[in-house]
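Quick note on UniProt numbering: the sequence shown kicks off at 1 and runs consecutively. Each residue gets a CB set at the ideal place from its N, CA and C atoms; glycine is no exception.
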Amino acid sequence: MYIGNVTEVLGRDATLECIVDNLGGFRVAWMRVDTKAILTIHDHVISRNYRIGLSHREHRVYTLHINNVKEEDRGSYMCQVNTLPMLYQIGYLDVEVPPYIIEELSSSDIFAREGATVTLKCFAKGHPEPKLSWHREDYKLGSAGNWQKSNFAQSKFKVIVSLLILIK
Numbered sequence: 001m002y003i004g005n006v007t008e009v010l011g012r013d014a015t016l017e018c019i020v021d022n023l024g025g026f027r028v029a030w031m032r033v034d035t036k037a038i039l040t041i042h043d044h045v046i047s048r049n050y051r052i053g054l055s056h057r058e059h060r061v062y063t064l065h066i067n068n069v070k071e072e073d074r075g076s077y078m079c080q081v082n083t084l085p086m087l088y089q090i091g092y093l094d095v096e097v098p099p100y101i102i103e104e105l106s107s108s109d110i111f112a113r114e115g116a117t118v119t120l121k122c123f124a125k126g127h128p129e130p131k132l133s134w135h136r137e138d139y140k141l142g143s144a145g146n147w148q149k150s151n152f153a154q155s156k157f158k159v160i161v162s163l164l165i166l167i168k
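Right, dumping it as structure tokens:
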């Protein structure tokens, strides 16, 4: 038995395949590892989640389908066979979330006089964590110059950067 790790983009459909040799009269089940929720047993979908589906071919390849993947689908899934001892394999579904800026928390246009100190803030989310860069007109701000990056914080899904620009 083998399940590969799968990465899919938010909103797309994901599939996890479990290949079983010499199944005989045993049954294959899919489970969500963290919640221990049984999703499918053999050729029946047990989950009440309408996005979960199952297909199999040749009494050998059992495919779990997750339609319209959401962030909460990210995690480990187990394919198991009801033998004694139980045979199982675990695969991981990673859900990529395209980066986006949280407009209501980020700075909007700021007008300042020459020589003034200006603070701009950008709040961005996504998975994997977005990489932020700052630009003025068509110029990317590097590490040298009249500005400094401060108050950098990041969590699993969010990057917050404050930018202090010293205009001379």
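Beta-carbon proximity list for Ile-46, same chain, < 7 angstroms, skipping 5 on both sides | One-based indexing of the sequence shown puts residue 46 at position 46. Excluding positions up to five away in sequence, the list reads Ile-38, Leu-39 and Thr-40.
Pair within 7 angstroms by beta-carbon distance, Leu-93 and Ala-14 = By 1-based counting over the sequence shown, the position of residue 93 is 93. By 1-based counting over the sequence shown, the position of residue 14 is 14. Cβ atoms of Leu-93 and Ala-14: closer than 7 angstroms.
To the nearest angstrom, how far is it from the Cα of Gly-11 to the Cα of Phe-111?
-> As a working note, residue 11 is residue 11 in the sequence shown. As a working note, residue 111 is residue 111 in the sequence shown. Using only the alpha carbons, I get a separation of about 39 angstroms.
Residue of Leu-120, Gly-4 and Ala-116 minimising C-alpha distance to Ser-106 = In the sequence shown, residue 106 corresponds to position 106, counting from 1. Selected option, being the one with the closest Cα: Leu-120.
Per DSSP, Trp-30 is paired with what?
-> As a working note, residue 30 is residue 30 in the sequence shown. According to DSSP, which records beta bridges pairwise, Trp-30 is partnered with Thr-40 and Cys-79.
Helix, strand or coil: how does DSSP classify Leu-105 here?
-> The sequence position of residue 105 within the sequence shown is 105, counting from 1. In the three-state reduction of the DSSP assignment, Leu-105 falls in the helix class, which pools H, G and I.
Identify every residue that forms a DSSP beta bridge with Asp-73.
-> Working through the sequence shown from its first residue, we reach residue 73 at position 73. DSSP lists no partner for Asp-73.
Selection from His-135, Arg-60, Val-61 and Ile-66 that minimises the alpha carbon distance to Ala-48 | Here the question's residue 48 lines up with position 48 in the sequence shown. The question names Ala, but residue 48 is Arg in the sequence shown. Cα-wise, what sits closest to Arg-48 is Ile-66.
Spatial neighbours of Cys-79 within its chain, please: CB distance less than 7 angstroms, with the 5 preceding and 5 following residues excluded, ordered by chain position.
-> As a working mapping, residue 79 is identified with position 79 in the sequence shown. Only Met-1, Ile-3, Cys-18, Val-28, Trp-30, Tyr-62, Tyr-88 and Gln-89 meet the Cβ criterion.
Closest to Ile-52 by CA distance: which of Phe-26, Leu-16, Arg-60 and Trp-134 is it?
-> Taking the first residue of the sequence shown as 1, we reach residue 52 at position 52. Considering only alpha carbons, the answer is Leu-16.
Three-state class that DSSP yields for Lys-158 in the structure shown = In the sequence shown, residue 158 corresponds to position 158, counting from 1. A caution first: Lys-158 carries a pLDDT of 46, below 50, which makes its placement in the model too unreliable to give a value.
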